[in-house]
Every structure is written in structure tokens, then in C-alpha cells.
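Trainee: Following this message is one structure expressed as C-alpha cells.
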């Protein structure tokens, strides 16, 4: 079984995003970039499926600038077999990303796609579902458990209030939620080995896909700051304040 | 222009996030219809018809819709969209599952988790875990939007819209529902609660979390939340998690106990009206967003708070 894992290079999740003074976006110059945390979980899941003998090949794909090669090398160091970079200097919207991935899937014919449920920059939580729609494949989003077998996948999904379990016919799209697994740290020998694994480069334009943005960013601003609060002396003082504020 | 709102419900009752999404929809157009896609959900449709400002309610029913399967909901909504210019869905785990699928089938962008309607094609949405707000203008003919319900006031009751049946589509042929395990609780639901009491990693164990947080939540009639650290450590179940990757809440009162206030937690609760923080570390970032901070070990502060609440007649 062949598994395709899309990964995204984003601002490191420990770095606080700062809005640019001219309100055109978030300042990413000289900021630490890493693999999106949900993508790491997806790579880990694919690699575990290979270690269990269920998956035979894990292909990592990224869409982004030349620096996204580093993100793909991370995926290779975690255990992916090979990687493809679809190079673009634009920041394509989820629909465009889904269309580019659909084109790659047309070439690669994977049995299943495992990807993160959301990127922590745009916070859209949309690409996996859109990709499933474009391919007319079933989708199992927000996975917290995955059992792959020939022809189908049983997926436990995190829903409001609990867990829903569904069984999807392969090929299918699975999106990873936070508690699906804990991603490994790549070992030094594996990082070195990853440098020799194949990494193909393609130009996004060569895939013949409409990636024109549908949304115009008018401005990006800082959220309103909360007014300064006060420290209270003790619990009784706290209750008095809460009564005055009208919330008790 | 006409707008369709997809109702949030559990086949038995209509959720408040629907009322809030109607408010967002009414900012786009006065012609707002509601779709209830479910199974045995007639009572939900009737409740939806009572929301003020709603023109009519469409009811589509099948087993696959009752299970909320994304393919099934998409199959109902896409043909309906010939009669609408926008479709709005509350950004619950359900809505987030099917809405992007609808958008891609219509070949349009999804505008995710809006918190403000500027005009019929311009919206504000949080990005980078709420550390920035992005104003976007859509050039698509049809808008597919998810709504962060906590950012909008609930539409009132008093409507008398009729309920019409509509086609149930062809279900989800490639997806089989296996089961659903929901946590049963007498407490209010976290996403819509007026008061939320949350515990953090300081609790140290699941037993301690329950011993400290549960009685306080019961006394306040509050829902229970938790930080990601507490959930990851197994002190609280998954669906308690408040934060960027969990639930986003905006109650009247949010009480954070033993929570340091990581960026990812703040993203999920900083729009609460009043925030209370109890933490023994005076430098914890949670105090920067708290209206009332009590620098104290929760082990002494929470029992004292229980006593003070009792003295205040709670």
C-alpha cells in the first residue's frame, strides 16, 4: 500500500506570530520555520503504517518555496521513502493546494493520503476535505486512530463530545488530529540517510492547475488587547469583584 | 441575495451555534433559510423555524445525514446552492468536516471561522492561532463560510418559518458509520456554556483534576475545560481541551486554575468576557489576560473560593 503525505512549512509553533506594521501580513523574516505540527503527526502515522508492514511506500509532498526542501528532508529523516517539492513562491490558498495535490495524486496513484487536519498559519482546516471532494474520495477527518487494511480504513474521529468511528473505502483522505500519535525525533543517522533519499522538484506552473487566489487580503491586524486586569488578595475578594462585574 | 445556514444539531435538539450563525447570515442578507440535514430531526427543523428572521426551513433526512457524514451533507447542499449566494455553517467539528468539501465541489474558496462580517463579500477571520486578524474579500460568485459562533450574538426567537422537505441526496456510498461514543454529562456543553472552569497541568493527576475542578464547576453551574497540557497528560478527556487545537470558547466567566497560559491555550479563551486566573506562579502568562488574578496555590485557593461562594449564597 502506497501512502502519500502532504507536509507544509510554517512558522514554528513555539514562535509568536507578529503582525507587520504595514498590515500586509505576518512578519516571517528571520523567524524559525518548521514542519506544521499536524503534518508531523501525519508523517509519523504513515511511517508507523510502514513499520507495521501495512504500507509499502511513503511519499512526502510539499508545496512551497525552495526552503520547503528542509521540511521534506525532515519527513525523509522520520522515515518517508522519497519526496516531491512542488515549487512556488506564492502562498497558494487551500483550494489551489488541493488542486496541485490532486494533480500529483493523478501521477502517483497512492492508496491513501494521510495529512494534517490544519496548518497553524492560515488555520483553515480545509485542504484535506477539499482534496477529497476534488477526487471524489471519501474523507476521514480529525483522526485519532487509524486501522488500514486492504481496501478500507477504520478511523476513529474526534468530534464534539466524543469519538465517531467510520469505515472508508480506499483510496481515501485521512486528516490527523493532535492525539493520533506522538511524532518521533529523527535520529542523527536517519538525518544523514535522509540526505541521500530522492527529492524531486517540480514547478507548480507545470502541473497546469488554476491556482489564482479567490480571496484578496485587505489587511492583517493585531487582535484587540485585553485591558489590564488586577490582582486580588484572596478568594473572598475575588467573589466580591465577580459580583460587581455581574458574572455571578 | 439569499443565504443558507446549515443547522448544528444532534437530531434531537437544535444547538445555540445555529442562532449565532443566523445572526452572521442576517448581516449578509435578509433572505435567510436554514437547512436541517439529519434523521428523525423534525423537531429540530420546527425549532429552527422559530428563530427570528428566518424565511424558511429545509429538512433533508436519511441515515447518513443523521450520522453527519460529510459526503452525504455535501450531496444535499451542492444542488441547493443554485438558489443561494452564500452558505454559512457553524465552525463545529461537524461543520469543519463538511463545509470545505462543499466549497471544493462548487470550485470556490472557503472563508474559515469568520468573526465579523464587514460587507457581503468581506470578512474578518483569525489566523496564527488568533495572534492576527485577517480581513479578506472574496471574488467567488458563491461564498462558503464557516462561522466562529462565539463571535456573534444569538438570534432571538419569535419566527414562524415553515418547514419544507428537500431531497436527501445519495448518502455516502464510500463511508460506513461504525459507532459514536459520546461523553454523557449533566453539565452544560463547553462550547456554549456561560461559565467555564478549566484545569491545567498543575493538577498532577486525573483524580486530582476531578477532585478540584468538578465540585467548583458544579457549584457555578459551569462547563469543564482543560489545557492541552492537562489533556496530553491524561488528566482530562480530549473533548475538554480549550485552545487553538481544541475548542474556542467565549463565556461570560472563564476560570483558569493551575493553567500557565501557553499561546495555544490563550487562543481558545481570550475572548471570554471575564477571565479569572488562579496560579501560584505570579509570572505565569495567564495573568496578562486575566481580569482578576489570584496568586495562590490552587490547593488552598479553590477550597477558599468554594467557601466564599457559599458565603455569597452560591
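Protein chains in written order, with this note's numbering: chain A, 1 to 248; chain B, 249 to 562. Beta carbons: idealized from backbone N, C-alpha and C, even for Gly. Being a predicted model, the structure only gives us computed values, none of them experimental.
Where are the alpha helix (DSSP H) runs, 4 residues long or more, that stay fully inside the stretch 317 to 359 of chain B, in chain order?
Mentor: 318 to 328, 341 to 353
Trainee: According to the Cβ coordinates, are residue 613 of chain B and residue 307 of chain B closer than 8 Å?
Mentor: Outside the modelled stretch of chain B, which goes from 249 to 562, sits residue 613 of chain B, for which no answer is possible.
Trainee: Excluding the five sequence neighbours on either side, which residues of its own chain have a C-beta within less than 6 Å of the C-beta of residue 318 of chain B, listed in chain order?
Mentor: Position 70 of the second chain, counted from the first residue, corresponds to residue 318 of chain B. Here the set comprises 345, 346, 349.
Trainee: As a quick exercise: from A/45, A/76, A/67, A/70, pick the residue whose alpha carbon is nearest that of residue 60 of chain A.
Mentor: For the purposes of this step, residue 60 of chain A is identified with residue 60 of the first chain, where counting begins at 1. It is A/76 whose Cα lies nearest to the Cα of residue 60 of chain A.
Trainee: How big is the Cα-Cα spacing for residue 513 of chain B and residue 327 of chain B?
Mentor: For this step, residue 513 of chain B is matched to residue 265 along the second chain. For this step, residue 327 of chain B is matched to residue 79 along the second chain. Straight-line Cα distance between these residues: approximately 39 Å.
Trainee: I need the straight-line Cα distance from residue 384 of chain B to residue 305 of chain B, nearest angstrom please.
Mentor: Translated into positions along the second chain, residue 384 of chain B becomes position 136. Translated into positions along the second chain, residue 305 of chain B becomes position 57. Taking the straight line from one Cα to the other gives about 30 Å.
Trainee: Taking a contact to mean a Cβ-Cβ separation below 8 Å, would you say residue 157 of chain A touches residue 169 of chain A in this structure?
Mentor: Here residue 157 of chain A is taken as the residue at index 157 of the first chain, counted from 1. Here residue 169 of chain A is taken as the residue at index 169 of the first chain, counted from 1. No; because the gap between Cβ atoms is not below 8 Å, this pair is not in contact.
Trainee: Residues bridged to residue 391 of chain B by DSSP?
Mentor: As a working note, residue 391 of chain B is residue 143 in the second chain. Note: residue 391 of chain B sits in a beta bridge opposite B/334.
Trainee: Can you confirm whether the stretch 472 to 488 of chain B touches the stretch 503 to 522 of chain B when touching is taken to mean that 3 or more C-beta pairs between the two stretches lie within less than 8 Å?
Mentor: Short answer: they touch.
Trainee: Distance, Cα to Cα, residue 52 of chain A vs residue 151 of chain A?
Mentor: Taking the first chain and counting its residues from 1, the one referred to as residue 52 of chain A is at position 52. Taking the first chain and counting its residues from 1, the one referred to as residue 151 of chain A is at position 151. Cα to Cα, the separation comes out at about 17 Å.
Trainee: Find out if the Cβ-Cβ distance for the pair residue 535 of chain B, residue 238 of chain A is shorter than 8 Å.
Mentor: If you number the second chain from 1, residue 535 of chain B lands on position 287. If you number the first chain from 1, residue 238 of chain A lands on position 238. Result no, Cβ atoms of residue 535 of chain B and residue 238 of chain A do not sit closer than 8 Å.
Trainee: Starting from the C-beta of residue 147 of chain A, find all residues in its chain whose C-beta is less than 8 Å away, skip the five residues before and the five after it, and write them out in chain order.
Mentor: Position 147 of the first chain, counting from 1, holds the residue named residue 147 of chain A. Short of 8 Å from the beta carbon of residue 147 of chain A, and not among the five residues preceding or following it, lie these beta carbons of its own chain, in chain order: 153, 154, 155.
Trainee: For chain B, check one thing: does any of its Cβ atoms lie closer than 8 Å to the Cβ of residue 100 of chain A?
Mentor: For the purposes of this step, residue 100 of chain A is taken as residue 100 along the first chain, with counting starting at 1. Cβ-Cβ to chain B under 8 Å: no for residue 100 of chain A.
Trainee: Counting only beta-carbon separations shorter than 8 Å, does residue 104 of chain A have a partner in chain C?
Mentor: The question asks about chain C, but that chain is absent: this structure's protein chains are A and B.
Trainee: Flag residue 230 of chain A as yes if its beta-carbon sits less than 8 Å from any beta-carbon of chain B, otherwise no.
Mentor: What you label residue 230 of chain A is simply residue 230 of the first chain in a count that begins at 1. Yes, contact with chain B.
Trainee: Tell me, please, whether the CB atom of residue 6 of chain A is closer than 8 Å to any CB atom in chain B?
Mentor: Start at 1 with the first residue of the first chain, and residue 6 of chain A comes out as number 6. Look at residue 6 of chain A: its C-beta is not under 8 Å from any C-beta on chain B.
Trainee: To the nearest angstrom, how far is the alpha carbon of residue 243 of chain B from that of residue 525 of chain B?
Mentor: Chain B is shown from 249 up to 562; residue 243 of chain B falls before or after that span and cannot be answered.
Trainee: So if I threshold CB-CB distances at 9 Å, which residues from the stretch 312 to 339 of chain B count as touching chain A?
Mentor: Of all residues in the stretch 312 to 339 of chain B, 315, 316, 317, 318, 319, 322, 339 have a Cβ within less than 9 Å of some Cβ in chain A.
Trainee: Residue 286 of chain B lies in the beta strand (DSSP E); which residues open and close that run?
Mentor: Residue 286 of chain B sits at position 38 when you count from the first residue of the second chain. From DSSP, the beta strand (DSSP E) with residue 286 of chain B extends over 279 to 286.
Trainee: Just by C-beta distance, which residues in the stretch 79 to 90 of chain A are closer than 8 Å to chain B?
Mentor: Residues passing the 8 Å Cβ filter: none.
Trainee: Could you name the residues of the same chain whose beta carbon sits closer than 7 Å to that of residue 242 of chain A, not counting the 5 residues immediately before and after it, in chain order?
Mentor: Counting from one through the first chain, the residue named residue 242 of chain A turns up at place 242. Taken in chain order, the residues that qualify are 248.
Trainee: With DSSP run on the structure shown, which of helix, strand or coil describes residue 488 of chain B?
Mentor: Walking along the second chain from the start, residue 488 of chain B turns up at place 240. Residue 488 of chain B falls in the helix class under three-state DSSP.
Trainee: I think residue 299 of chain B touches residue 405 of chain B, with their Cβ atoms under 8 Å apart; what is that distance to the nearest whole Å?
Mentor: What you label residue 299 of chain B is simply residue 51 of the second chain in a count that begins at 1. What you label residue 405 of chain B is simply residue 157 of the second chain in a count that begins at 1. Confirmed, Cβ separation roughly 7 Å.
Trainee: Which stretch, first to last residue, makes up the alpha helix (DSSP H) that contains residue 104 of chain A?
Mentor: Stepping through the first chain from its first residue, residue 104 of chain A is reached at position 104. Bounds of the alpha helix (DSSP H) holding residue 104 of chain A are 94 to 108.
Trainee: Between residue 94 of chain A and chain B, is the shortest Cβ-Cβ distance under 8 Å, so that the two count as touching?
Mentor: Translated into positions along the first chain, residue 94 of chain A becomes position 94. Output row for residue 94 of chain A: interface = yes.
Trainee: Please confirm whether residue 348 of chain B has its beta-carbon closer than 8 Å to some beta-carbon of chain A.
Mentor: The sequence position of residue 348 of chain B within the second chain is 100, counting from 1. Taking Cβ atoms only, chain A reaches closer than 8 Å to residue 348 of chain B, which makes this a yes.
Trainee: Taking only beta-carbon positions, decide if residue 184 of chain A is within less than 8 Å of chain B.
Mentor: Stepping through the first chain from its first residue, residue 184 of chain A is reached at position 184. Answer no: the Cβ-Cβ gap between residue 184 of chain A and chain B never drops below 8 Å.
Trainee: Check the Cβ of residue 130 of chain A against every Cβ in chain B and list those closer than 8 Å, keeping chain order.
Mentor: Against the first chain, residue 130 of chain A aligns to sequence position 130. Residues of chain B passing the Cβ test: 348, 349, 351, 352, 358.
Trainee: Beta-carbon within less than 6 Å of residue 251 of chain A's beta-carbon, same chain only, minus the 5 sequence neighbours each way: which residues are those?
Mentor: Since the first and last residues shown for chain A are 1 and 248, residue 251 of chain A lies out of range.
Trainee: Looking at residue 391 of chain B and residue 352 of chain B, is the spacing between their C-beta atoms short of 8 Å?
Mentor: As a working mapping, residue 352 of chain B is identified with position 104 in the second chain. As a working mapping, residue 391 of chain B is identified with position 143 in the second chain. Not closer than 8 Å, so no.
Trainee: Going by CA-CA distance only, name the one from A/213, A/225, A/234 that's closest to residue 92 of chain A.
Mentor: Here residue 92 of chain A refers to the residue found at position 92 of the first chain. When only C-alpha atoms are compared, the closest one is A/213.
Trainee: Please check if any C-beta of chain B sits within less than 8 Å of the C-beta of residue 43 of chain A.
Mentor: For the purposes of this step, residue 43 of chain A is taken as residue 43 along the first chain, with counting starting at 1. No, its Cβ sits nowhere closer than 8 Å to a Cβ of chain B.
Trainee: I'd like to know whether the C-beta atoms of residue 219 of chain A and residue 23 of chain A end up nearer to each other than 8 Å.
Mentor: By 1-based counting over the first chain, the position of residue 219 of chain A is 219. By 1-based counting over the first chain, the position of residue 23 of chain A is 23. Their beta carbons are under 8 Å apart, which means residue 219 of chain A touches residue 23 of chain A by this criterion.
Trainee: Would you say residue 259 of chain B lies against chain A (beta-carbon separation less than 8 Å)?
Mentor: As a first step, residue 259 of chain B must be located in the second chain, where it is residue number 11. Not one chain A Cβ lies under 8 Å of residue 259 of chain B.
Trainee: Quick one: list the residues of chain A neighbouring residue 524 of chain B, beta-carbon separation under 8 Å, in chain order.
Mentor: If you number the second chain from 1, residue 524 of chain B lands on position 276. Neighbours of residue 524 of chain B on chain A, chain order: 238, 242.
Trainee: Among B/554, B/381, B/561, B/254, whose alpha-carbon lies nearest the alpha-carbon of residue 325 of chain B?
Mentor: Here residue 325 of chain B refers to the residue found at position 77 of the second chain. Comparing Cα positions, the closest option is B/254.
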